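Engineer: As you go down the protein sequences, you meet chains A and B in turn. Be aware that the first sequence starts at 1, since it is given in this note's numbering, and climbs by one per residue. Be aware that the second sequence starts at 1, since it is given in this note's numbering, and climbs by one per residue. Built from N, CA and C at the ideal position, the CB exists for glycine as well. Quick caveat, the model's predicted, so the values are computed rather than measured.
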Amino acid sequence: MININTLLSSLVLSLMLALSGLASAAEATNATQMIAEAEAMNQAAADVGFEWRDTRSYIADAVKALADGKEDQAYQLASEAYEQAKLALIQGKLMRENWQQYIPL
Amino acid sequence: MFTTRIQLTLSLTVATLVASACMPMSKKAGMDYPALVQDDVTTFQAFFEKRFPDTEKADYINGVYSIDADARSQWESLEEFPPYELSVDQGKALYETPFANGSSYATCFGDGAVRSQYPYYDEDRAMVITLELAINECRTANGEKVLKYKKGDLAKVSAYMSFVSRGQAINVDVASEGAYNAYMDGKEFFYSKRGQFNISCADCHMRATGFYLRADVPSPGLGQTSHFPTFRTKWDALGTLHRRYGGCNENIRAKAFPAQSPEYRNLEYFQTVMSNGLVFNGPGSRK
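Structure, rendered in structure tokens:
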């Protein structure tokens with residue numbers, strides 16, 4: 001027998017994955033733009049109260065790498081930050097609307 | 001590609017409709033707030049009674065040691081010479097030391113045995129007031145600088161006040177719409193998954209309590225706020241509840257909120273309400 005919580009969790013997870021797939025990807029073509037997009041996305045996650053722990057560190061590392069002339073490394077770090085922030089924002093929006101479904105019975 | 005989009009859109013729509021249909025109202029205006037909250041308390045406490053039928057309800061103030069016999073025996077040995085004892089003595093000295101204006105903490109809190117008055121919802125300020133916040137507000141009202149909220153002198157003063165308040169009943173009121181909204185914000189925080197690990201407070205302290213997570217058994221959510229500030233062996237020092245909240249959030253790779261932020265004050269409010277009927281027994285000692 002399928003537990004209602006399991007069913008709802010699966011549905012929400014499906015929703016998360018669907019949203020993740022549909023969310024617009026970063027359009028930055030260089031490290032400077034990627035850093036700016038990561039910062040904006042992370043701020044959006046923070047605004048809903050769901051910022052992840054390490055995202056700012058990735059951005060800071062990207063900024064440092066760019067300052068050191070390591071453009072590719074900076075881009076990769078900023079991309080990681082962007083992806084983290086995007087998932088954090090999806091998580092925040094999902095929880096804001098569905099948190100009551102996660103109360104253990 | 002087009003088919004995939006349609007499938008995704010369909011799954012998204014179905015999931016949204018089902019979730020919306022199943023989701024009760026989170027905040028209700030003009031309701032019997034104490035009755036609504038009491039229903040939550042009853043359900044919450046019943047969860048632990050069912051999970052741990054051999055644990056007396058009153059014993060949940062001892063955290064994980066109420067459900068883990070082996071860890072309890074070690075803890076009881078530790079409590080023979082409590083590691084927080086020196087901090088309580090230092091807190092007492094701080095409590096009794098007059099401020100520059102001649103007043104002292106006693107001006108604000110009398111004999112200090114006021115633990116059961118916190119946290120409470122201040123209707124005029126529309127916010128939850130915790131003991132640690134009140135301690136700093138007592139200082140600023142008397143011309144003193146604020147103390148840091150996570151550890152140090154503020155934790156020591158709080159430990160002393162908790163010590164002289166031991167045995168006071170936890171009985172937090174939620175009697176107004178404003179209080180209920182703060183309570184619901186704390187409740188939402190408690191049950192929301194967050195951080196890169198996608199884990200909620202309830203995941204560890206309800207679902208996983210009693211089971212090992214790596215080398216540790218997470219403590220039950222019931223009674224968690226009764227014994228703070230707490231001396232943790234890991235910290236080798238006393239720390240406040242909000243220091244612990246921050247550590248928990250960092251452990252699940254979520255960005256921690258500042259101590260005494262609205263998020264953590266509301267979480268403390270909700271968690272303390274859930275422990276109504278138990279007693280305060282701080283300061284505590286933990287691994």
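#1: Please list, in chain order, all residues of the same chain as residue 122 (chain B) whose beta carbon is under 7 Å from its beta carbon, the five residues on each side excluded.
#2: Cutting at 7 Å between CB atoms, please list the residues of its own chain near residue 37 (chain A), excluding the five before and the five after it.
#3: Run the CB neighbour count on residue 64 (chain A), radius 10 Å, all protein chains shown included, and call it buried at 16 or more, exposed below.
#4: DSSP three-state label for residue 29 (chain A), please.
#5: So the alpha helix (DSSP H) residue 155 (chain B) belongs to, where does it begin and stop?
#6: Report the rounded CA-to-CA distance for residue 70 (chain B) versus residue 51 (chain B), giving the unit in angstroms.
#7: For the beta strand (DSSP E) that residue 285 (chain B) lies in, which residues bound it at each end?
#8: Using only the alpha-carbon positions, how far apart do residue 282 (chain B) and residue 98 (chain B) sit?
#9: By a C-beta neighbour count over all protein chains shown, 10 Å radius and 16 as the cutoff for buried, is residue 146 (chain B) buried or exposed?
#10: Does the beta carbon of residue 55 (chain A) come closer than 9 Å to any beta carbon on chain B?
#11: Assign residue 132 (chain B) to one of two classes, buried (16 or more other C-beta atoms within 10 Å of its C-beta) or exposed (fewer than that).
#12: Compare the Cα-Cα distances from residue 67 (chain B) to each of B:212, B:156, B:116, B:38 and report the closest residue.
#13: Flag residue 263 (chain B) as yes if its beta-carbon sits less than 9 Å from any beta-carbon of chain A, otherwise no.
#14: Below 8 Å, can you find three or more Cβ-Cβ pairs linking the stretch 89 to 101 of chain A to the stretch 201 to 219 of chain B?
#15: With a Cβ-Cβ cutoff of 9 Å, do residue 227 (chain B) and residue 61 (chain B) count as a contact?
#16: Nearest CA to the CA of residue 96 (chain A): which residue from A:44, A:39, A:30, A:49?
#17: In angstroms, rounded to a whole number, what distance separates the CA positions of residue 258 (chain B) and residue 74 (chain B)?
#18: Are the beta-carbon atoms belonging to residue 262 (chain B) and residue 127 (chain B) less than 9 Å from one another?
#19: Could you check what DSSP says for residue 1 (chain B) in three-state terms: helix, strand or coil?
#20: How would you list, in chain order, the residues of chain A whose beta-carbon sits under 8 Å from the beta-carbon of residue 184 (chain B)?
Structural biologist: With the structure as the only source:
#1: Here residue 122 (chain B) has 129 as same chain residues with Cβ atoms under 7 Å from its own Cβ, once five neighbours each way along the sequence are excluded.
#2: Same-chain partners within the cutoff: 26, 28, 82.
#3: Label assigned to residue 64 (chain A): exposed.
#4: Coil at residue 29 (chain A), not helix or strand.
#5: Looking at the DSSP string, the run of the alpha helix (DSSP H) that includes residue 155 (chain B) is 153 to 163.
#6: Note on geometry: alpha-carbon atoms of residue 70 (chain B) and residue 51 (chain B) lie some 18 Å from one another.
#7: Residues 284 to 286.
#8: Cα-Cα distance, rounded: 24 Å.
#9: Looking at its Cβ environment, which holds fewer than 16 other Cβ atoms inside 10 Å, residue 146 (chain B) is exposed.
#10: Cβ-Cβ to chain B under 9 Å: yes for residue 55 (chain A).
#11: Classification for residue 132 (chain B): buried.
#12: The residue with the shortest Cα to Cα distance from residue 67 (chain B) is B:212.
#13: For residue 263 (chain B), the answer is yes, since a Cβ of chain A falls inside 9 Å of its Cβ.
#14: Taking 8 Å as the limit for Cβ pairs, the verdict is that the stretch 201 to 219 of chain B does not touch the stretch 89 to 101 of chain A.
#15: Going by C-beta atoms, residue 227 (chain B) is nearer than 9 Å to residue 61 (chain B).
#16: The residue among A:44, A:39, A:30, A:49 with its C-alpha nearest the C-alpha of residue 96 (chain A) is A:49.
#17: Distance from the CA atom of residue 258 (chain B) to the CA atom of residue 74 (chain B), rounded to whole angstroms, is 33 Å.
#18: Yes; because the gap between Cβ atoms is below 9 Å, this pair is in contact.
#19: The predicted position of residue 1 (chain B) is uncertain, since its pLDDT is 39 and thus under 50; no value can be drawn from it.
#20: None at all; the shortest Cβ gap to chain A is about 10 Å.
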